[in-house]
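Accompanying notes for the structure given below.
Residue numbers (full-length UniProt numbering): 1 to 165.
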């Protein structure tokens with residue numbers, strides 16, 4: 001699955017692959033989660049993975065291509081991981097009841113990386129690498145909480161680099 005940002009096109013793009021996650025928190029009664037990830041660039045939703053059903057170790061292999069512009073540089077890259085909840089409906093005496101805790105998807109964790117520090121995750125020099133360079137490797141990052149009450153565990157594996165595609 002691919003997503004091309006609607007930013008003004010340029011020759012060089014940042015390619016981000018959300019590959020997979022490991023050891024996510026349990027969010028459903030069946031002992032699993034139905035996780036998906038959402039990519040944000042500077043607070044704007046830029047792409048979303050598919051929902052991986054009944055797993056704590058989803059594999060997504062989602063690709064996003066973000067045009068790089070000198071007049072609008074990227075500041076922040078964020079990935080939020082959620083558990084997809086199905087809306088539970090019950091009819092009781094002709095009244096539609098909606099299960100309160102099924103209205104919103106469950107938060108499973110996030111990562112936030114300033115663009116200025118992105119390539120430091122691969123190499124201490126912070127040198128930008130081509131996506132397909134042999135030196136470019138996947139990065140595994142620990143998912144973070146939004147607040148102390150969040151049930152968050154696990155890591156997410158991503159790969160990123162520059163491309164002309």
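Glycine is no exception: its CB is placed at the ideal position from the N, C-alpha and C atoms.
Output needed for residue 117: all residues of its chain with C-beta closer than 8 Å, excluding positions within five of it in sequence on either side, in chain order. 126
I need the straight-line Cα distance from residue 139 to residue 108, nearest angstrom please. 19 Å
Reduced DSSP category for residue 68 - H, G, I as helix; E, B as strand; rest coil: coil
Per DSSP, residue 37 forms a beta bridge with which residues? 81
Using the C-alpha atoms, what's the distance from residue 122 back to residue 69? 22 Å
Taking the alpha-carbon of residue 41 as reference, which of 134, 74, 156, 56 has the nearest alpha-carbon? 74
Whole angstroms are fine: how far does the CA of residue 33 sit from the CA of residue 17? 21 Å
Could you tell me if residue 54 is buried or exposed, where buried requires 16 or more neighbouring beta carbons within 10 angstroms of its beta carbon? By the neighbour-count rule (16 or more Cβ atoms within 10 Å), residue 54 is not buried but exposed.
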